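Take the sequence shown: its position 103, counting from 1, is numbered 102 in numbering that gives the first Met the number 0, and each next residue is one higher. Cβ coordinates follow ideal geometry from the N, Cα and C atoms, glycine included. Since this is a predicted model, take the numbers as computed values, not measurements.
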Amino acid sequence: MAGRFEGRVALVTGASRGIGAAVVRAMAAEGAEVVAIARTQGALEELDDQVQSAGGKQLVLVPEDLRKPGLIEQVAAAIFQRWGRLDVLVGNAGAIGGGLTPVAQHAPDDWDEAFSVNLTANWRLIRACDPLLRMAEAGRAVFTTSGIAQGVHPFWGPYAASKAALETMVKTWAAEVANTTQLRINLLDPGVVATRLRSIAFPGEDPAKLAQPADVAPRFLGLCLPDCHHHGEIISVAP
């Protein structure tokens with residue numbers, strides 16, 4: 000029996016580990032052709048081996064930093080040349096910005112990293128992939144956000160601010176296309192999950208007591224299906 004993503008083309012960022020890798024495995028298991036972007040080549044290759052061993056299609060691996068000038072545009076052009084469209088975009092790559100530190104003490108490079116990865120790279124993905132998603136019959140885009148973006152959370156300055164900006168940008172894009180396309184664009188807050196980013200923020204925490212990436216991957220897949228009717232929303236996974 001064909002999987003729910005059979006024949007669909009997906010682009011996933013932050014794909015080498017954690018939530019991104021779990022989403023890639025889950026989509027590939029249901030027939031998707033996946034373009035996986037992450038900085039760590041070895042981890043991407045290991046992920047590809049896992050996917051193929053489980054019966055999924057060979058991944059298209061892009062072992063690059065999303066901040067590399069022109070990279071996203073090159074990937075979008077390659078997707079167009081190969082498939083002529085993009086069915087699913089999952090913007091999952093994230094950076095915490097140097098760890099938990101008072102706003103006045105953050106190093107400029109840490110602040111810039113948080114905004115360039117969490118916000119600017121996603122804007123470039125939107126800019127490059129919007130035409131490709133419009134070419135699909137049911138284009139879907141999901142971006143990973145965090146409850147940290149809501150309210151006030153001391154010491155989370157660059158991460159919270161960049162995620163709050165991401166939410167505003169994505170909801171704005173969703174509103175702009177709501178009446179003219181079949182696109183469905185949303186944000187997903189996966190809650191507390193055992194990821195590398197979480198371990199940086201809370202190094203003494205036992206990851207075995209937290210939700211695992213595979214636990215939240217199905218929620219991403221649900222927002223990427225043609226029958227998804229959510230649009231311009233922030234979907235939160237219950238804690």
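Can the beta-carbon of residue i be found less than 8 Å from the beta-carbon of residue j?
i: residue 189; j: residue 169; result: no
i: residue 62; j: residue 24; result: no
i: residue 36; j: residue 1; result: no
i: residue 33; j: residue 58; result: yes
i: residue 246; j: residue 141; result: It is not possible to answer for residue 246, since the shown part of the chain is limited to 0 through 238.
i: residue 118; j: residue 85; result: no
If you compare alpha carbons, which of the options is closest to residue i?
i: residue 41; options: 30, 56, 20; result: 20
i: residue 4; options: 230, 69, 138, 112; result: 138
i: residue 101; options: 159, 203, 186; result: 159
i: residue 149; options: 164, 226, 135; result: 164
i: residue 147; options: 200, 125, 123; result: 200
i: residue 7; options: 123, 120, 83; result: 83
i: residue 207; options: 70, 218, 191; result: 191
Grouping DSSP H, G and I as helix and E and B as strand, with all else coil, what is residue i?
i: residue 289; result: Residue 289 lies beyond the stretch modelled for the chain, which goes from 0 to 238, so this question has no answer here.
i: residue 85; result: coil
i: residue 142; result: strand
i: residue 70; result: helix
i: residue 62; result: strand
i: residue 234; result: strand
i: residue 117; result: helix
i: residue 3; result: coil
i: residue 128; result: helix
i: residue 154; result: coil
i: residue 205; result: coil
Under the DSSP definition of a beta bridge, which residues are partnered with residue i?
i: residue 90; result: 142
i: residue 9; result: 33, 87
i: residue 192; result: 210
i: residue 183; result: 139
For the ligand ADP, any of its heavy atoms closer than 7 Å to the Cβ of residue i?
i: residue 148; result: The ligand ADP is absent from the structure shown, which contains no ligand whatsoever.
Below 8 Å, can you find three or more Cβ-Cβ pairs linking the stretch 66-84 to the stretch 101-109?
In short, these stretches do not touch, since the Cβ pair count stays below three.
Any 3 or more C-beta pairs closer than 8 Å across the stretch 224-234 and the stretch 175-186:
Under the 8 Å Cβ criterion, the stretch 224-234 counts as touching the stretch 175-186, having at least three qualifying pairs.
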